[in-house]
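For reference, the structure is listed below as structure tokens.
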Amino acid sequence: MNVQRRLLPNISALAAFDAVARLGSFTAAARELDLTQGAVSRQIGLLEEQFGRRLFERDSRNVRLSTAGEIYAEAVRSALGQLRDAALGLMSNRHSGALNLAILPTFGTRWLMPLIPDFVARHPDVTINFATRIGRFDFARERLDAAIHHGMPDWPDADCTLLMRETVMPVVSPEFLAARAIAAPADISRLPLLHMATRPGAWSEWFEHHELEAPTGPGMQFEQFGTVAQACMAGLGVALLPEILIAGELQRGQLVPAPGEPMQSRSAYYLVVPHDKRGHPPVASFRDWLLGQIGKEPAVLAW
Numbered sequence: 001m002n003v004q005r006r007l008l009p010n011i012s013a014l015a016a017f018d019a020v021a022r023l024g025s026f027t028a029a030a031r032e033l034d035l036t037q038g039a040v041s042r043q044i045g046l047l048e049e050q051f052g053r054r055l056f057e058r059d060s061r062n063v064r065l066s067t068a069g070e071i072y073a074e075a076v077r078s079a080l081g082q083l084r085d086a087a088l089g090l091m092s093n094r095h096s097g098a099l100n101l102a103i104l105p106t107f108g109t110r111w112l113m114p115l116i117p118d119f120v121a122r123h124p125d126v127t128i129n130f131a132t133r134i135g136r137f138d139f140a141r142e143r144l145d146a147a148i149h150h151g152m153p154d155w156p157d158a159d160c161t162l163l164m165r166e167t168v169m170p171v172v173s174p175e176f177l178a179a180r181a182i183a184a185p186a187d188i189s190r191l192p193l194l195h196m197a198t199r200p201g202a203w204s205e206w207f208e209h210h211e212l213e214a215p216t217g218p219g220m221q222f223e224q225f226g227t228v229a230q231a232c233m234a235g236l237g238v239a240l241l242p243e244i245l246i247a248g249e250l251q252r253g254q255l256v257p258a259p260g261e262p263m264q265s266r267s268a269y270y271l272v273v274p275h276d277k278r279g280h281p282p283v284a285s286f287r288d289w290l291l292g293q294i295g296k297e298p299a300v301l302a303w
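Residues 1 to 303, numbered by this note's numbering, are exactly what the sequence shown covers, in order.
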């Protein structure tokens with residue numbers, strides 16, 4: 001029993017340790033926890049005495065984590081997050097029905113969100129909490145259960161279920177097309193190209209697909225799909241955009257195809273689930289529903 005107690009520190013001491021580790025200051029931690037600086041210092045001292053290890057290196061001006069403290073801080077942050085989530089789930093009586101999902105901004109709003117009412121109707125016991133993420137992240141640290149990801153199926157320690165391939169096509173505004181002689185894919189290389197920062201090799205891949213040499217000019221760079229689409233509609237250049245995300249603009253005539261056949265991108269959309277969330281019922285329900293919406297058998301790649 002004594003060993004068990006030694007391995008289970010006081011939650012107040014853990015909260016104080018986590019605050020100092022995050023903020024790098026006893027004063028800031030005391031302010032966040034509504035305690036005195038002395039009280040925070042005593043809590044840290046209790047932990048160091050309990051473990052027989054120094055968790056922080058201190059001098060007259062600074063406090064920083066020791067090597068042992070850095071390792072312990074990561075585990076404490078994750079454990080406190082799980083405790084907070086458990087308490088929230090217990091208080092709301094829906095812990096087992098919560099799905100914390102990361103979505104891509106444009107894909108999430110344009111393709112996924114209009115379908116979500118169907119999921120809610122079919123699974124009223126599951127509450128989805130949405131977060132917007134671009135690129136990889138740490139599932140445990142962000143306390144997320146799954147993510148819709150665009151890229152390659154190489155997310156470490158996770159299952160990547162193929163949702164759909166992506167077809168991209170060069171598009172311009174009608175006015176831009178009317179004002180220029182664009183008759184063949186080769187003509188596009190002479191025009192201003194609009195680039196998405198999240199897909200830096202897209203244009204090179206497209207020119208390679210058409211057996212053309214890609215231009216060396218940098219072109220305008222955009223971080224968000226919505227911004228590059230607006231720039232293209234404003235006549236600033238040619239954009240290489242996913243067909244699935246510009247269906248509305250094409251239908252309304254705000255964008256028109258430029259010469260050159262659409263191309264299947266090397267990247268694709270995946271549902272990514274960390275290995276420790278495979279058995280989480282809301283994740284399984286969402287995965288099955290999502291694949292049903294797409295109408296494809298799952299192709300799962302584990303890394």
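Beta carbons: idealized from backbone N, C-alpha and C, even for Gly.
Judging by CA-CA distance, which residue of the options is the nearest neighbour of residue i?
i      : options                        : result
Leu155 : Val273, Gly279, Pro9, Phe17    : It should be noted that the sequence gives Trp, not Leu, for residue 155. Checked all of Val273, Gly279, Pro9, Phe17; the closest Cα to Trp155 is Val273.
Ala179 : Ala258, Phe139, Ala158, Asp125 : Ala258
Val256 : Ser285, Ala231, Glu175, Arg31  : Glu175
Arg136 : Ile44, Ala147, Ile71, Val126   : Ala147
Ser12  : Leu23, Ala39, Arg22            : Ala39
Asp159 : Ala28, Gly45, His275           : His275
Thr216 : Phe225, Gln224, Pro200, Ala229 : Pro200
Asp138 : Asp157, Ala121, Ser41, Leu14   : Asp157
Ala247 : Leu35, Phe107, Gln37, Ala15    : Phe107
Using C-beta distances below 8 Å, list every residue in its chain close to residue i, excluding the 5 sequence neighbours before and after it, in chain order.
i      : result
Arg266 : Met152, Glu205
Arg287 : Ala146, Thr161, Leu271, Val273, Pro298
Val63  : Val20, Gly24, Ser25, Phe26, Phe56, Glu57
With which residues is residue i paired in a DSSP beta bridge?
i      : result
Glu57  : Arg64
Gly151 : Ala268
Gln221 : His195
Arg165 : Ala268
Ile182 : Per DSSP, none; premise fails for Ile182.
Asn10  : Paired residue(s): none; Asn10 is not in a bridge.
Leu83  : DSSP lists no partner for Leu83.
Leu177 : BP columns for Leu177 are empty, so no partner.
Val171 : Ala239, Pro257
Ile294 : In the DSSP output, where bridge partners are listed per residue, Ile294 has none listed.
Leu101 : Phe130, Ala146
Met233 : Answer is none; Met233 lacks a bridge partner.
Met263 : Val168
Determine, using beta carbons only, whether residue i and residue j come nearer to each other than 8 Å.
i      : j      : result
Glu134 : Thr227 : The question names Glu, yet the displayed sequence has Ile at residue 134. Taking 8 Å as the Cβ cut-off, Ile134 and Thr227 do not qualify as a contacting pair.
Gln264 : Arg165 : yes
Met220 : Ala202 : no
Asp18  : Arg61  : no
Leu245 : Arg110 : yes
Leu46  : Asn10  : yes
Pro105 : Gln254 : no
Tyr305 : Leu177 : Nothing about residue 305 can be reported from this structure: the residues present for the chain run from 1 to 303 only.
Leu80  : Leu14  : yes
With a CB to CB cut of under 6 Å and the five nearest residues on each side skipped, what residues in its chain are close to residue i?
i      : result
Met1   : No answer about Met1 holds up, because its pLDDT of 41 lies below 50 and its placement is not dependable.
Ala102 : Ala131, Arg133, Leu144, Ala147
Pro242 : Glu166, Val168
Ile128 : Leu99, Leu101
Which same chain residues, not among the five before or five after residue i, have their C-beta less than 7 Å away from its C-beta?
i      : result
Glu48  : Arg54, Leu55
Ala186 : Leu212
Ser285 : His123, Val126
Lys277 : Asp145, Ala146, Val283
Would the stretch 96-107 count as touching the stretch 77-84 if we require 3 or more Cβ pairs under 8 Å?
No, they do not touch.
Okay, do the stretch 228-247 and the stretch 181-194 touch, 3+ Cβ pairs below 8 Å being the bar? yes
- Could you tell me whether the stretch 170-186 touches the stretch 268-284, where touching means 3 or more Cβ pairs closer than 8 Å? no
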